Amino acid sequence: MVALLVLAGLPPVVEEVVLVAVGLHAARGLAPQVTAVWPYDSYHDLRWLLVYHDSWLTFVLGLLGVTLARGLLSAGLTALAWPDGTPRPSRGWLVRRNLEVAALAMLVISPWAALSVAFSAVALSWYLFASLGPMLVLAPFLVRAGAVADWWRGLPTIEVFGWSALNFVLLTLAGALISSIPGWWTVGVAGLAGVANGLLWRRTVAATALPARIRWPRVPVAPIAIVLTMAGAVWAQSLIGIAAPGPGMWRPPVLTERLPDRVRHAVIVLDGHDSQWDGEPPADPRVERFSYQGLDARGRPLPYPPARPTGRSTPAASCSPPRWTCCTGVPAGRWPWSGRARAPWWSGPTWRSCPLAR
0 MVALLVLAGL
10 PPVVEEVVLV
20 AVGLHAARGL
30 APQVTAVWPY
40 DSYHDLRWLL
50 VYHDSWLTFV
60 LGLLGVTLAR
70 GLLSAGLTAL
80 AWPDGTPRPS
90 RGWLVRRNLE
100 VAALAMLVIS
110 PWAALSVAFS
120 AVALSWYLFA
130 SLGPMLVLAP
140 FLVRAGAVAD
150 WWRGLPTIEV
160 FGWSALNFVL
170 LTLAGALISS
180 IPGWWTVGVA
190 GLAGVANGLL
200 WRRTVAATAL
210 PARIRWPRVP
220 VAPIAIVLTM
230 AGAVWAQSLI
240 GIAAPGPGMW
250 RPPVLTERLP
260 DRVRHAVIVL
270 DGHDSQWDGE
280 PPADPRVERF
290 SYQGLDARGR
300 PLPYPPARPT
310 GRSTPAASCS
320 PPRWTCCTGV
330 PAGRWPWSGR
340 ARAPWWSGPT
350 WRSCPLAR
């Protein structure tokens with residue numbers, strides 16, 4: 000038990016130390032996911048990989064590396080979590096099986112992880128919730144896949160469903176807590192969350208390995224769920240677009256009211272995806288409205304219709320006009336801007352005011 004808790008608790012601590020040391024504050028809540036049960040661990044790996052690669056070569060090499068590391072780590076966690084008194088497969092079998100599950104998880108989850116990264120980059124952070132549903136559906140099946148041979152047949156037991164869903168709740172609460180406390184205190188929270196992950200590994204592996212009555216034992220439920228999950232990634236964007244609110248005019252107080260006298264710098268205001276602007280100037284001359292349509296010959300922002308201009312990536316558009324100099328100290332291309340959407344805790348800040356030099 001001690002070895003299991005150490006193996007589950009140490010990686011989140013290491014990741015959290017690195018994140019705090021380098022100042023990636025918006026990503027601090029991700030650390031507890033590194034030792035979560037399947038597939039939350041692979042979802043964590045893919046989102047890091049999809050953001051921090053700069054070529055196909057580095058992506059392929061990174062994918063092979065994280066798949067190997069994930070398979071070995073999960074094999075170790077499964078072996079240490081195996082219930083006493085129950086015959087355990089050989090270490091070689093567990094390593095091979097968990098490497099296979101890691102590769103399968105990367106394949107199945109990659110479309111949803113890519114959608115979550117893309118939505119974050121274009122200020123659609125609330126759409127990230129759509130990518131979490133498939134994780135909840137796949138979790139019980141992939142947990143079984145790492146521990147038993149006939150994982151693809153029949154429904155997982157209610158215990159497996161319950162413990163894997165509880166891990167999702169734990170990750171949400173731990174990430175929210177980490178995002179709300181300052182400094183190095185987050186390292187301790189990440190470590191405690193990792194220890195809780197270890198306890199949940201023990202429960203999920205026991206629920207999978209111990210004899211239980213399996214419903215629909217002849218039906219290939221897991222392959223059906225996997226195919227439906229991958230197919231869902233194709234129509235998810237259309238479904239989300241139908242459910243999303245239509246375009247409208249955004250008029251927050253920063254545009255309709257004067258700034259306090261203590262504000263001595265200019266402020267640039269950006270709306271989000273599928274927005275529009277009729278050209279009405281802000282009430283305060285210190286406020287500048289950013290236009291996705293660009294500037295006119297006199298350097299004034301141009302009105303723009305919805306959809307087409309805002310289809311550009313917000314970070315790419317926010318610093319592209321040569322007349323704007325953004326002075327927040329945040330590197331171009333890494334701005335956590337979000338317009339009217341309210342970002343979940345794992346997506347970083349929702350807006351930021353920016354002193355402006357012209």
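Following numbering that gives the first Met the number 0, the numbering of the sequence shown begins with 0 at its first residue and continues without gaps.
For every residue, glycine included, the Cβ atom is placed at its ideal position computed from N, Cα and C.
What you are looking at is a predicted structure, and each value in this text was computed from that prediction instead of being measured.
Three or more Cβ pairs closer than 8 angstroms define a contact, and the segment 124 to 143 meets that threshold against the segment 24 to 43. For V268, the enclosing beta strand (DSSP E) begins and ends at V266 to V268. A straight line joining the alpha-carbon of V186 with that of E15 spans about 6 angstroms. Counting C-beta atoms within 10 angstroms of its own C-beta, R297 has fewer than 16 neighbours from the protein chains shown and is therefore classed as exposed. Under DSSP, P300 forms a beta bridge with L294.
A164 and M229 have their C-alpha atoms roughly 20 angstroms apart.
The DSSP-derived three-state label of W249 is coil. Going by DSSP, R69 is part of the alpha helix (DSSP H) stretching over W55 to A80. By the Cβ criterion, the segment 276 to 285 is in contact with the segment 250 to 259, since at least three pairs of Cβ atoms, one from each stretch, lie closer than 8 angstroms.
Short of 6 angstroms from the beta carbon of N97, and not among the five residues preceding or following it, lie these beta carbons of its own chain, in chain order: G70, S73, A74 and G145. Contact annotation, W183 with V19: C-beta distance approximately 6 angstroms; criterion of less than 8 angstroms satisfied. In the DSSP assignment, R143 falls within the alpha helix (DSSP H) that extends over G132 to A144. Distance from the CA of G231 to the CA of R285, rounded to the nearest whole angstrom, comes to 46 angstroms. 7 angstroms or more divides the Cβ of L3 from the Cβ of G174.
Non-local beta-carbon contacts of P155 in its own chain, meaning distances under 6 angstroms to residues more than five positions away in sequence, involve P139 and R143 in chain order. Going by beta carbons, L93 and A78 fall inside the 7 angstroms limit. Pairing T85 with A206 gives a Cβ-Cβ distance that is not under 7 angstroms. When P181, E158 and P219 are compared, the shortest CA-CA separation from R201 is found for E158. Closest in alpha carbon position to L76, among H264, L9 and E287, is L9.
Here W215 is exposed: its Cβ has fewer than 16 other Cβ atoms, across all protein chains shown, within 10 Å.
Residue burial is scored here from C-beta neighbours: V194 has at least 16 other C-beta atoms within 10 angstroms and is therefore classed as buried. Listed in chain order, the non-local C-beta contacts of I108 below 8 angstroms within the same chain comprise P38, S41, Y42, L45, P133, M134 and L137, local neighbours out to five positions each way being set aside.
Non-local beta-carbon contacts of Y51 in its own chain, meaning distances under 7 angstroms to residues more than five positions away in sequence, are absent. The three-state reading of DSSP puts R288 in strand, counting E and B together. Relative to the Cα of D83, the nearest Cα in the group V204, L114 and G22 belongs to V204.
Note that the C-beta distance between A101 and T66 is below 7 angstroms.
Taking the CA atoms as reference points, L49 sits about 17 angstroms from L131.
Around the CB of W111, 16 or more other CB atoms lie within 10 Å, so the residue is classed as buried.
Burial of F118 is indicated by the presence of at least 16 other C-beta atoms within 10 angstroms of its C-beta.
Minimum Cα-Cα distance from L63 among the listed residues G91, S89, A80 and E99 corresponds to E99.
Per DSSP, reduced to three states, the secondary structure at W162 is helical. Under DSSP, the beta-bridge partners assigned to Q275 are M248. Per DSSP, the unbroken alpha helix (DSSP H) holding H43 starts and ends at Y39 to V50. Judged by DSSP in its simplified three-state form, W151 adopts coil rather than helix or strand.
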